[in-house]
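Peer 1: Count along the sequence shown starting at 1, add 3, and that's the number in our numbering.
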Amino acid sequence: MKAKQIWVEQSGGPEVLTVRETEVGPLAADAVCIQVEASGVTQADVIARKGKPHPGSPRIPLVLGFEIAGTIVQLGTRVTALSLGQRVVAVVNSGGYSSHICVEEWRCIPIPDEVDAIRAVVLVVNYWTAWHMLHHASNLQPGKRLLVHGVSGGVGTALAQLGNLCELEMYGTASVNKHDFVRTLNVTPIDYRQDDFVARIAELTGDGVDLVIDPIGGHNWKRSYRTLRKGGRLLLSGIQSLADKPTIALLPSAIQMLFLTLLPDGKSIRFVGLIPERQRDRYREDLSQLVRSLAEGKINPVISQTFPLSAAAEAHRYLESGEALGKVVLIPD
4 MKAKQIWVEQ SGGPEVLTVR ETEVGPLAAD AVCIQVEASG VTQADVIARK GKPHPGSPRI
64 PLVLGFEIAG TIVQLGTRVT ALSLGQRVVA VVNSGGYSSH ICVEEWRCIP IPDEVDAIRA
124 VVLVVNYWTA WHMLHHASNL QPGKRLLVHG VSGGVGTALA QLGNLCELEM YGTASVNKHD
184 FVRTLNVTPI DYRQDDFVAR IAELTGDGVD LVIDPIGGHN WKRSYRTLRK GGRLLLSGIQ
244 SLADKPTIAL LPSAIQMLFL TLLPDGKSIR FVGLIPERQR DRYREDLSQL VRSLAEGKIN
304 PVISQTFPLS AAAEAHRYLE SGEALGKVVL IPD
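#1: Between Thr21, Arg62, Val128 and His135, which lies nearest to Ile71 when the distance is taken from Cα to Cα?
#2: Tell me which residue opens and which closes the beta strand (DSSP E) that Val94 is part of.
#3: How would you label Glu12, buried or exposed, when you count the other beta carbons within 10 angstroms and need 16 or more for buried?
#4: Taking just the CA atoms, how far does Asp289 sit from Glu326?
#5: Less than 8 angstroms between the CB atoms is what I'm expecting for Ser101 and Val66, so what's the real figure, rounded?
#6: Quick one: what's got a C-beta closer than 7 angstroms to Cys169's C-beta in the same chain, skipping five residues either side?
#7: Could you pull out every residue in the same chain whose Cβ sits closer than 8 angstroms to the Cβ of Thr132, ignoring the five residues on either side in sequence?
#8: Evaluate Ala123 with the Cβ neighbour count: other Cβ atoms within 10 Å of its Cβ, from every protein chain shown; 16 or more gives buried, anything less gives exposed.
#9: On the DSSP bridge list, what partners appear for Tyr174?
#10: What first and last residue would you give for the alpha helix (DSSP H) that runs through Gly157?
#11: Determine the burial state of Gly73: buried for a count of at least 16 other Cβ atoms within 10 Å of its Cβ, exposed for fewer.
#12: According to DSSP, is Asp247 part of a helix, a strand, or is it coil?
#13: Under the three-state reduction of DSSP, which class applies to His103: helix, strand or coil?
#14: With distances taken from CA atoms, which of Asp199, Leu126 and Ile9 is nearest His319?
#15: Only counting the same chain, and skipping five residues up and downstream in sequence, which positions put a Cβ closer than 8 angstroms to that of Leu87?
#16: Have a look at Val92 and Pro115 and give me their C-alpha separation to the nearest angstrom.
#17: Which of the three DSSP states is assigned to Arg186 in this structure?
#18: Can you tell me where the beta strand (DSSP E) holding Val331 begins and where it ends?
#19: Leu69 lies in the beta strand (DSSP E); which residues open and close that run?
#20: Just to confirm the assignment, what range does the beta strand (DSSP E) spanning Ala84 have?
#21: Alpha carbon to alpha carbon, what distance is there between Val185 and Ile216?
#22: By DSSP, does Thr1 sit in helix, in strand, or in coil?
#23: So the alpha helix (DSSP H) Ile50 belongs to, where does it begin and stop?
#24: Give the secondary structure of Asp213 by DSSP, where H, G and I count as helix, E and B as strand, and everything else as coil.
#25: Which two residues bound the contiguous alpha helix (DSSP H) that contains Thr132?
#26: Who are the near neighbours of Val49 in its chain, counting only those whose CB is closer than 7 angstroms to its CB and skipping five residues on each side?
#27: To the nearest angstrom, report how far apart Pro335 and Thr176 are at their CA atoms.
#28: Can the beta-carbon of Ala140 be found less than 8 angstroms from the beta-carbon of Glu108?
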């Protein structure tokens, strides 16, 4: 069986993405072959394309894509819990930008036939990341305050919807042209380009927030820390602005973070990184819960735009433009 795939054979901009057809397989005994209905586009894809992949991810040359939704078309000889024609979502180490892909059984979480693949695929990275930060890396009670940076993006909109289910008081940074959209998420918008968000949070809350989720990183983490009230926590996830920096350049910030966590004010800083291979049970439990919430209408992933698989380069340009409101998804040509 031939698969259409999007390859990166050298690091660079979106123009390095190329379409190729390759043979699928061989199919391992504990794996299934999935006909892909939707592939998520993430910042991790952009970082990998630039030659800065996450730890444990394959290096260039590779097929991009860490999350898929689709239908099982072939079973390995030792697969017992899945069946032909069953629809699933799955996290993968690479290869998601494909028309067909072989995936280990444990990675596959069934989804009901009535659930839209384009929305289901958003659960895998964005919603699982958001769920982990709200339910495992922190433990906010109803009425507590949350500040999310980049709230109009894929993870940000997931945090907003899950935060509403938790009855949190939410604030989010976004460019001013996105503020009306942010308000529809039940989040108070803050213009990060014009306003000092530290001063604005103090003005809005009096004594700060209980949790800050910051995927931006860099020097921004220091200002985020200043918005915390006593006992608050800063979660750093993604660290987009540090992606192009050498490891040694991160050392001063790491030392400062360690020092701050030793102060007797109850505040803390944590890095959040999800590695499904080391958290199989949690991954399957969390993602299954998210699938149920989607099927029950409790969450409704925001889709900014879809692109044909062959237009993956255009999808990357769009994501990097900063104009996306929610998730960018690839669908079959």
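Where is the CB? At the ideal position from N, CA and C, for every residue including glycine.
Peer 2: By the coordinates alone:
#1: By one-based count along the sequence shown, residue 71 stands at place 68. Of the candidates Thr21, Arg62, Val128 and His135, the residue whose Cα lies closest to the Cα of Ile71 is Val128.
#2: On the sequence shown, residue 94 is found 91 positions in, with the first residue counted as 1. DSSP places Val94 inside the beta strand (DSSP E), whose first and last residues are Arg90 to Val94.
#3: Taking the first residue of the sequence shown as position 1, residue 12 is located at position 9. Glu12 is exposed by the Cβ-count criterion.
#4: Walking along the sequence shown from the start, residue 326 turns up at place 323. Walking along the sequence shown from the start, residue 289 turns up at place 286. Linking Glu326 to Asp289 through their CA atoms gives a straight-line distance of about 29 angstroms.
#5: Numbered from its first residue, the sequence shown carries residue 101 at position 98. Numbered from its first residue, the sequence shown carries residue 66 at position 63. By a beta-carbon distance limit of 8 angstroms, Ser101 contacts Val66. Their separation comes to about 6 angstroms.
#6: If you number the sequence shown from 1, residue 169 lands on position 166. Leu137, Leu143 and Pro145.
#7: As a working note, residue 132 is residue 129 in the sequence shown. Correct list, in chain order: Val158, Ala161, Ser240, Val275 and Leu277.
#8: Counting from one through the sequence shown, the residue named residue 123 turns up at place 120. In the assembly as shown, Ala123 is a buried residue. Its beta-carbon has 16 or more other beta-carbons within 10 Å.
#9: Indexing the sequence shown from 1 puts residue 174 at position 171. Tyr174 pairs with Leu150 and Thr191.
#10: To locate residue 157, count along the sequence shown from 1; it is residue 154. Residues Gly157 to Leu168.
#11: If you number the sequence shown from 1, residue 73 lands on position 70. Buried, since its Cβ has 16 or more Cβ neighbours within 10 Å.
#12: Residue numbering aside, residue 247 sits at position 244 when the sequence shown is read from its first letter. Because the pLDDT at Asp247 is just 49, under 50, the model does not fix this residue reliably, and the value given afterwards should be weighed accordingly. Residue state, collapsed to three classes: coil.
#13: Counted from its first residue, the sequence shown places residue 103 at position 100. Judged by DSSP in its simplified three-state form, His103 adopts strand.
#14: Residue mapping note: residue 319 aligns to position 316 of the sequence shown, counting from 1. Residue Ile9 is the option with its Cα nearest to His319.
#15: Here residue 87 corresponds to residue number 84 of the sequence shown, with the count starting at 1. By the criterion of a C-beta distance shorter than 8 angstroms, Leu87 is surrounded in its chain by Ile75, Val76, Gln77 and Leu78, once the five residues flanking it on both sides are discounted.
#16: Mapped onto the sequence shown, residue 92 falls at position 89. Mapped onto the sequence shown, residue 115 falls at position 112. If you take the alpha carbons of Val92 and Pro115, they lie about 11 angstroms apart.
#17: As a position in the sequence shown, residue 186 is number 183, starting the count at 1. Correct three-state label for Arg186: helix.
#18: Start at 1 with the first residue of the sequence shown, and residue 331 comes out as number 328. Lys330 to Ile334 is the span of the beta strand (DSSP E), which, as asked, contains Val331.
#19: Counting from one through the sequence shown, the residue named residue 69 turns up at place 66. As written in the sequence, residue 69 is Phe, which differs from the Leu given in the question. Secondary structure note for Phe69: it is in no beta strand (DSSP E), with a DSSP letter that is neither H nor E.
#20: Along the sequence shown, read from residue 1 onward, the residue named residue 84 stands at position 81. Boundaries for Ala84: no beta strand (DSSP E) harbours it, and the DSSP string shows neither H nor E there.
#21: For the purposes of this step, residue 216 is taken as residue 213 along the sequence shown, with counting starting at 1. For the purposes of this step, residue 185 is taken as residue 182 along the sequence shown, with counting starting at 1. Those two C-alpha atoms are separated by around 16 angstroms.
#22: Any property of residue 1 remains undetermined from this structure, which presents the chain solely from 4 to 336.
#23: Here residue 50 refers to the residue found at position 47 when the sequence shown is read from its first residue. Per DSSP, the unbroken alpha helix (DSSP H) holding Ile50 starts and ends at Gln46 to Arg52.
#24: Counting from one through the sequence shown, the residue named residue 213 turns up at place 210. Assigned with DSSP and collapsed to three states, Asp213 falls in strand.
#25: Walking along the sequence shown from the start, residue 132 turns up at place 129. Trp131 to His138 is the span of the alpha helix (DSSP H), which, as asked, contains Thr132.
#26: For this step, residue 49 is matched to residue 46 along the sequence shown. Taken in chain order, the residues that qualify are His319, Leu322 and Glu323.
#27: As a working note, residue 335 is residue 332 in the sequence shown. As a working note, residue 176 is residue 173 in the sequence shown. Counting only the Cα atoms, Thr176 lies some 33 angstroms from Pro335.
#28: Taking the first residue of the sequence shown as 1, we reach residue 140 at position 137. Taking the first residue of the sequence shown as 1, we reach residue 108 at position 105. For Ala140 and Glu108, no; Cβs fall outside 8 angstroms.
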